[in-house]
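Trainee:
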Amino acid sequence: MSESARIWANLILILAAVFAFSALLSWIERRLLGVWQDRYGPNRVGPFGILQIVADSIKLLTKEDWVPPFADKAVFVLAPTIVAVTALLAFAVVPIAPDIGVVDLNIGLLFFLAMSSLGVYSVVLGGWASNNKYSLLGGFRAAAQMLSYEVFMGLALMGVVMLAGSFNLRDIVAAQENLWFCVPQILGLATFTVAGIAEARRLPFDLPESENELVAGFHTEYSSMKFGLFFIGEYVGITLISAMIVTLFFGGWLGPLLPPLVWFLLKTFIVIACFVLLRAALPRPRYDQLMAYGWKVMLPLTLVNLLITGAVVLSAA
Amino acid sequence: MPNVRGASDVLEELKDRFGAPSTGNPGGPMGLVQKTGDGLPTQWVSRNRVRDVLRYLKLEAERPYRMLYDLTAIDERTRAYRDDQPASQFTVIYHLLSFERNADIRLKVALVEPDLAMPTITDIWPAANWYEREIWDMFGIVFDGHPHLRRILLPPWWQGHALRKDHPARATEMEPFHLSEGKEEAEQETLRFHPEEWGMRRVHDGTDFMFLNLGPNHPAVHGVFRIVLQLDGEEIIDAVPEIGFHHRGAEKMGERQSWHTYIPYTDRVDYLGGVMNNLPYVLAVEKLAGIEVPDRVKVMRVMMAEFFRVASHLVFYGTFAQDLGALSPVFFMFTDRERVFDVVEAICGGRMHPSWYRIGGVAQDLPQGWDRLVRDFLDYMPSRLDEYDKIALGNRILKARTRGVGSYSADEAIEWGVTGPNLRACGFEWDFRKTRPYSGYDQFEFDIPTGQHGDCYDRCAVRAEEIRQSLRIIEQCLENMPAGAHKADHPLTTPPLRKQTLHDIETLIDHFLGVSWGPVIPPGEAFVGIEATKGNNGYYLVSDGNTMAYRVRIRTPSFPHLQMIPLISRGLMISDLIAILGSIDFVMADVDR
Chain A
14 MSESARIWAN LILILAAVFA FSALLSWIER RLLGVWQDRY GPNRVGPFGI
64 LQIVADSIKL LTKEDWVPPF ADKAVFVLAP TIVAVTALLA FAVVPIAPDI
114 GVVDLNIGLL FFLAMSSLGV YSVVLGGWAS NNKYSLLGGF RAAAQMLSYE
164 VFMGLALMGV VMLAGSFNLR DIVAAQENLW FCVPQILGLA TFTVAGIAEA
214 RRLPFDLPES ENELVAGFHT EYSSMKFGLF FIGEYVGITL ISAMIVTLFF
264 GGWLGPLLPP LVWFLLKTFI VIACFVLLRA ALPRPRYDQL MAYGWKVMLP
314 LTLVNLLITG AVVLSAA
Chain B
-17 MPNVRGASDV LEELKDRFGA PSTGNPGGPM GLVQKTGDGL PTQWVSRNRV
33 RDVLRYLKLE AERPYRMLYD LTAIDERTRA YRDDQPASQF TVIYHLLSFE
83 RNADIRLKVA LVEPDLAMPT ITDIWPAANW YEREIWDMFG IVFDGHPHLR
133 RILLPPWWQG HALRKDHPAR ATEMEPFHLS EGKEEAEQET LRFHPEEWGM
183 RRVHDGTDFM FLNLGPNHPA VHGVFRIVLQ LDGEEIIDAV PEIGFHHRGA
233 EKMGERQSWH TYIPYTDRVD YLGGVMNNLP YVLAVEKLAG IEVPDRVKVM
283 RVMMAEFFRV ASHLVFYGTF AQDLGALSPV FFMFTDRERV FDVVEAICGG
333 RMHPSWYRIG GVAQDLPQGW DRLVRDFLDY MPSRLDEYDK IALGNRILKA
383 RTRGVGSYSA DEAIEWGVTG PNLRACGFEW DFRKTRPYSG YDQFEFDIPT
433 GQHGDCYDRC AVRAEEIRQS LRIIEQCLEN MPAGAHKADH PLTTPPLRKQ
483 TLHDIETLID HFLGVSWGPV IPPGEAFVGI EATKGNNGYY LVSDGNTMAY
533 RVRIRTPSFP HLQMIPLISR GLMISDLIAI LGSIDFVMAD VDR
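Sequence lines, in order, name chains A and B.
Going by this note's numbering, the first residue of the first sequence is number 14, and it counts up by one from there.
Going by this note's numbering, the first residue of the second sequence is number -17, and it counts up by one from there.
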């Protein structure tokens, strides 16, 4: 097999797998929530309800695709595509297994951070372009939340970069051959996880959406497949953050006995399940409490982590 | 009866202060003292002096009447039995409550057409605001000096005043309904919010305020409640609640249904309260009819009412947590509520609205095996409650969201007519089950949980503890259920016990009349208030010696609770408002009736 054929096969298969997994994730989430909430969840369409997502997709595709007359049309249409595109692009750098992955960038980590930051625009623009007060409030909240949590998201990973000595995600995985970074970088793991949930806008950080307060927040006015894109964006986002947590802190594909791909999928699934569990377990903080938590707790923690890691790396050298 | 004890005292006080009662009402300051079926001191007062009397009772009297408990009116124009009352076409009724005396007083003011105007008392009691609007809406009585005298329950374009006797009660009595496009647009236009009408500014100090229309369809308003927010960013500057979307004319229906067939309507007033709603109604009817029910009936009523308190509080608990973003608790609590309904279903036949109480008793005796079902539930529930304390009340995020949010003091609560758990959350121990025991509550051992801060957290904590106390009461009912009949042996018991129906003609006639026409309740007036799920729910019934009530006034707790939302939400954020709405525990059917 030629080199370009291998790249293309990789690309198409990963894209298909990410889409399929994200779609499946909505079923997994609903079933897991069902288990934790003493109820069934979707169990009627297909075996164990697994085809529910097919039914949902057909429904979403056939719904009226409505653009409100008062909306800023161009931006309104653009916004949902941004979130899906950036999340998928970021997946390009994720090293799934030694020879599986789209690109091997030497600044892979920075590319991931850049893409996830761009994803915020989707929410802010969507909230703004809808020209609806609830959407606007959702957009505001998203902007404020992202601003606070972006700051330490990147910083939280610098400890990992120092230890691995590289921005290349494959090098980072390789550097965890002896010890996963979740041990020396426990603070980095904690802060990155929090930032990651905020980035994916999941409970308890779903303030831009917060259906009890803002109806549906930034995507109140969205319907049909435009809403579907936000939906896909969110699930790809969760998968992406989970894959990144696995890559950066839990040794990526590394593990005994089982093939690397299986290890990677298994670890990612466990992290995703933790995300779902969080959603089942926690209420939602208030917007100012969230900001205070970000700036007053998480940011100092990240800086402390950086200082300690720096000192350890220097003394070891 | 504590009321009777305090009765003569206050009337003496008023006589000393304002002069002896005279028959020439409305000329003199003080009019007749009316005898009522409930023994509540009822004083007729002239329109010119009513403000002075109210101010005296609230501010100057020793052991004052601090709460405006209810404010309503009666269209007297077709009432036959008014022997001991002055001439009046419309009567405005002030019902005050004194905590210090544990007594009430009722003041009545007579009005004669065409001069249907009253001075407002919104400066004495801010809580009078909505009540006076309701009277204007329903009876067309003008309150001079009221800040926003406009319709409250009916839409602004409504013609006529619905509780007047000449207003049709049914659609069949009216012209065929037709909604043209123009009318539809005009009606929708009346929903547009104009800040200027409420004395709000759109711009201040260079800040453009945003006016956010929250509801009537919004996930957090628990039904159809609309509240318009004046926002600076996410901060609430002011709020205007709007109600009436759930109005079904429950009071008007009372004038068309027989005393017996009205019972199912009461179930739906607080639709989470089930038979708890029947209780004040049947107690008031029994007071008018002079029926004394057997002990078994009392205990059965208490037991089912407490089951519904548990069910209602569980819904509150779950939805409150859900309003704060916690997804799971509501599922657990609704599952438990199903268990409550399983017991209710086995005993009453219905689930949410069993309409199980009857005038003079309950519908059926307890079924065989009821004790096992109740015991199973009592064994099951306490450990679940402990778990909920951990997953909901104990959660740190929930505490951060609710502690110190939406708090009010006990004085403010009394000023605004707040009752029930919302009042007890301020640390004020007041529960009708203890202070004015009805239906044999004085025979039970239970505690009155109170909070300290009157904030959202305490309102939830008080209710969580009340569930435990209700379980205690249910357990005592289970262990001490008296033997005996499930209905009183009284001709007005509806339908009466049938054991002698086929033996003597008297009971057969009673049964026939009660079932075909409905019982004829002797003329009179009676009020009974009880400690319902959400606060004090009371029925003020006026009988004109007919098969139907002449006037049914339903005093619901949620009505004043909603009125004070702007007061406690100013300066907070939208998220806090959602917490407040959840913590108040209202259902719109209870507000709008």
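All C-beta atoms in this analysis are idealised placements derived from N, C-alpha and C, irrespective of residue type, glycine included.
It should be emphasised that the depicted structure is a prediction, and the values quoted were computed from it without experimental measurement.
#1: Please list the residues of the region 284 to 300 of chain A that have a C-beta atom closer than 9 Å to any C-beta atom in chain B, keeping them in chain order.
#2: Under 9 Å, Cβ to Cβ, is there at least one residue of chain A near SER452 of chain B?
#3: For VAL284 of chain B, which residues from the same chain have a beta carbon less than 8 Å from its beta carbon, with the 5 sequence-adjacent residues on both sides left out?
#4: Which bits of chain A does LEU309 of chain B rub up against, with CB to CB less than 8 Å?
#5: CB-CB under 6 Å to GLY264 of chain A, same chain, minus the five flanking residues each way: which ones, in chain order?
#6: Would you list the residues sitting across from LEU213 of chain B in a DSSP beta bridge?
#7: The beta strand (DSSP E) with TYR113 of chain B in it runs from where to where?
#8: Can you list, in chain order, the residues of its chain with a C-beta nearer than 6 Å to that of GLU513 of chain B? Leave out the 5 residues immediately preceding and following it.
#9: Identify whether PRO623 of chain B lies in helix, strand or coil by the three-state DSSP scheme.
#10: Residues of chain A with CB under 9 Å from LEU194 of chain B, in chain order?
#11: How big is the Cα-Cα spacing for VAL(-14) of chain B and LYS17 of chain B?
#12: If you draw a straight line from the C-alpha of HIS576 of chain B to the C-alpha of ILE321 of chain A, how long is it?
#13: VAL90 of chain A: which of A:TYR134, A:ARG44 and A:LEU279 sits nearest, CA to CA?
#14: When burial is assigned at 16 or more other CB atoms within 10 Å of the CB, is TRP107 of chain B buried or exposed?
#15: With C-beta atoms as the reference, is ALA635 of chain B less than 9 Å away from LEU380 of chain B?
#16: Please list, in chain order, all residues of the same chain as GLY250 of chain A whose beta carbon is under 6 Å from its beta carbon, the five residues on each side excluded.
#17: With a threshold of 9 Å between beta-carbons, can MET182 of chain B be considered close to chain A, or not?
#18: May I have a chain-ordered list of the alpha helix (DSSP H) segments no shorter than 4 residues that lie completely inside the region 21 to 62 of chain B?
#19: Who pairs with ASP126 of chain B in a beta bridge, going by DSSP?
#20: Would you check if the distance between the CB atom of LEU261 of chain B and the CB atom of PRO504 of chain B is smaller than 9 Å?
#21: Out of curiosity, what's the CA-to-CA distance linking SER179 of chain A and ALA68 of chain A?
#22: Hey, quick one: how far does the beta strand (DSSP E) through ASN519 of chain B stretch, first residue to last?
#23: Who are the near neighbours of GLY9 of chain B in its chain, counting only those whose CB is closer than 8 Å to its CB and skipping five residues on each side?
#24: So for TYR76 of chain B, helix, strand or coil by DSSP?
#25: Report the neighbours of THR317 of chain B on chain A: residues whose CB is nearer than 7 Å to its CB, in chain order.
#26: Taking 9 Å as the threshold (C-beta atoms), are PHE32 of chain A and ARG44 of chain A in contact?
#27: Please name the residue or residues paired with MET159 of chain A in a DSSP beta bridge.
#28: At a Cβ threshold of 9 Å, is PHE153 of chain A touching chain B?
#29: Output the distance between the C-alpha atoms of ASN7 of chain B and THR529 of chain B, rounded to the nearest integer angstrom.
#30: By the criterion of Cβ-Cβ separation under 7 Å, what are the contact partners of GLN302 of chain A in chain B?
#31: Round the Cβ separation of GLY342 of chain B and VAL275 of chain B to the nearest angstrom and send it over; I've been treating them as touching at under 8 Å.
#32: Taking VAL387 of chain B as the reference, which of B:SER310, B:LEU22, B:THR489 and B:ASP440 has the closest Cα?
#33: Quick one: using the 10 Å Cβ neighbour count with 16 as the cut-off for buried, is ASP105 of chain B buried or exposed?
#34: Check whether the Cβ atoms of ASP437 of chain B and SER337 of chain B sit closer than 9 Å, and answer yes or no.
#35: Note down the Cα distance separating ASP660 of chain B from LEU549 of chain B, rounded to an integer number of angstroms.
Mentor: In terms of the structure at hand:
#1: ARG292, ALA293, ALA294, LEU295, PRO296, ARG297, PRO298, ARG299 and TYR300
#2: As a working mapping, residue 452 of chain B is identified with position 470 in the second sequence. Closer than 9 Å: no.
#3: The sequence position of residue 284 of chain B within the second sequence is 302, counting from 1. Cβ within range, chain order: SER421, GLY422, TYR423, PHE426, ILE455 and CYS459.
#4: By one-based count along the second sequence, residue 309 of chain B stands at place 327. Simply LEU46, GLN50, LEU216, ARG292 and ALA293.
#5: The count along the first sequence starts at 1 and reaches residue 264 of chain A at position 251. Closer than 6 Å at Cβ, skipping near neighbours: GLN189 and TRP193.
#6: Within the second sequence, numbered from 1, the residue matching residue 213 of chain B stands at position 231. Beta-bridge pairing links LEU213 of chain B to B:MET192 and B:ILE218.
#7: Numbered from 1 along the second sequence, position 131 holds the residue referred to as residue 113 of chain B. Element bounds for TYR113 of chain B: not the beta strand (DSSP E) but the alpha helix (DSSP H), 110 to 121.
#8: For the purposes of this step, residue 513 of chain B is identified with residue 531 of the second sequence, where counting begins at 1. Within the same chain, GLU513 of chain B has close Cβ partners ASP413, PHE414 and ARG415.
#9: The question about residue 623 of chain B has no answer here: the residues shown for chain B are numbered -17 through 575.
#10: If you number the second sequence from 1, residue 194 of chain B lands on position 212. In chain order: LYS146, TYR147 and LEU150.
#11: Mapped onto the second sequence, residue -14 of chain B falls at position 4. Mapped onto the second sequence, residue 17 of chain B falls at position 35. Residue placement at VAL(-14) of chain B is poorly supported in this model, since its pLDDT is 44, which falls under 50; the coordinates still yield a value, given next. Going from the Cα of VAL(-14) of chain B to the Cα of LYS17 of chain B covers about 11 Å.
#12: Because chain B here runs from -17 to 575, residue 576 of chain B falls outside it and cannot be looked at.
#13: Here residue 90 of chain A refers to the residue found at position 77 when the first sequence is read from its first residue. Looking at A:TYR134, A:ARG44 and A:LEU279, the one whose alpha-carbon comes closest to that of VAL90 of chain A is A:TYR134.
#14: If you number the second sequence from 1, residue 107 of chain B lands on position 125. Under this definition TRP107 of chain B is a buried residue.
#15: In the structure as shown, chain B begins at -17 and stops at 575. Residue 635 of chain B is therefore absent and cannot be evaluated.
#16: Mapped onto the first sequence, residue 250 of chain A falls at position 237. Result list for GLY250 of chain A: ALA100 and ALA213, in chain order.
#17: The residue given as residue 182 of chain B occupies position 200 in the second sequence. Judged by the 9 Å Cβ criterion, MET182 of chain B is not in contact with chain A.
#18: 32 to 37
#19: As a first step, residue 126 of chain B is located in the second sequence; it is residue number 144 there, counting from the start. Answer by DSSP bridge pairing, in chain order: B:PRO101.
#20: Counting from one through the second sequence, the residue named residue 261 of chain B turns up at place 279. Counting from one through the second sequence, the residue named residue 504 of chain B turns up at place 522. With a cutoff of 9 Å on beta-carbon distance, LEU261 of chain B and PRO504 of chain B are scored as not near each other.
#21: On the first sequence, residue 179 of chain A is found 166 positions in, with the first residue counted as 1. On the first sequence, residue 68 of chain A is found 55 positions in, with the first residue counted as 1. Distance between the alpha carbons of SER179 of chain A and ALA68 of chain A is about 44 Å.
#22: Here residue 519 of chain B refers to the residue found at position 537 of the second sequence. Where ASN519 of chain B is concerned, the enclosing beta strand (DSSP E) stretches over 518 to 525.
#23: Stepping through the second sequence from its first residue, residue 9 of chain B is reached at position 27. In this predicted model, GLY9 of chain B has a pLDDT of only 42, less than 50, meaning its place in the structure is not dependable; the value taken from the coordinates is given anyway. If we look at GLY9 of chain B and ignore the five residues flanking it on each side, its Cβ neighbours are SER28.
#24: One-based indexing of the second sequence puts residue 76 of chain B at position 94. In this structure, TYR76 of chain B counts as strand in the three-state DSSP scheme.
#25: Within the second sequence, numbered from 1, the residue matching residue 317 of chain B stands at position 335. The answer, in chain order, is ASP51.
#26: Locating residue 44 of chain A in the first sequence gives position 31, where the first residue counts as 1. Locating residue 32 of chain A in the first sequence gives position 19, where the first residue counts as 1. Their beta carbons are not under 9 Å apart, which means ARG44 of chain A does not touch PHE32 of chain A by this criterion.
#27: Within the first sequence, the letter at position 146 stands for residue 159 of chain A. DSSP lists no partner for MET159 of chain A.
#28: For this step, residue 153 of chain A is matched to residue 140 along the first sequence. For PHE153 of chain A, a Cβ of chain B is located within less than 9 Å of the residue's own Cβ.
#29: To locate residue 7 of chain B, count along the second sequence from 1; it is residue 25. To locate residue 529 of chain B, count along the second sequence from 1; it is residue 547. Legend: pLDDT at ASN7 of chain B = 46, less than 50; position of this residue unreliable, no value from coordinates given.
#30: What you label residue 302 of chain A is simply residue 289 of the first sequence in a count that begins at 1. Listed along chain B, the residues sitting closer than 7 Å to GLN302 of chain A by beta-carbon distance are ALA382.
#31: Working through the second sequence from its first residue, we reach residue 342 of chain B at position 360. Working through the second sequence from its first residue, we reach residue 275 of chain B at position 293. Rounded, the Cβ-Cβ distance is 6 Å, consistent with contact.
#32: As a working note, residue 387 of chain B is residue 405 in the second sequence. Considering only alpha carbons, the answer is B:ASP440.
#33: In the second sequence, the residue the question calls residue 105 of chain B occupies position 123. Looking at its Cβ environment, which holds fewer than 16 other Cβ atoms inside 10 Å, ASP105 of chain B is exposed.
#34: Position 455 of the second sequence, counted from the start, is the residue given in the question as residue 437 of chain B. Position 355 of the second sequence, counted from the start, is the residue given in the question as residue 337 of chain B. Cβ distance not < 9 Å, so ASP437 of chain B and SER337 of chain B don't count as in contact.
#35: With chain B represented from -17 up to 575, any question about residue 660 of chain B goes unanswered, as that position is not in the structure.
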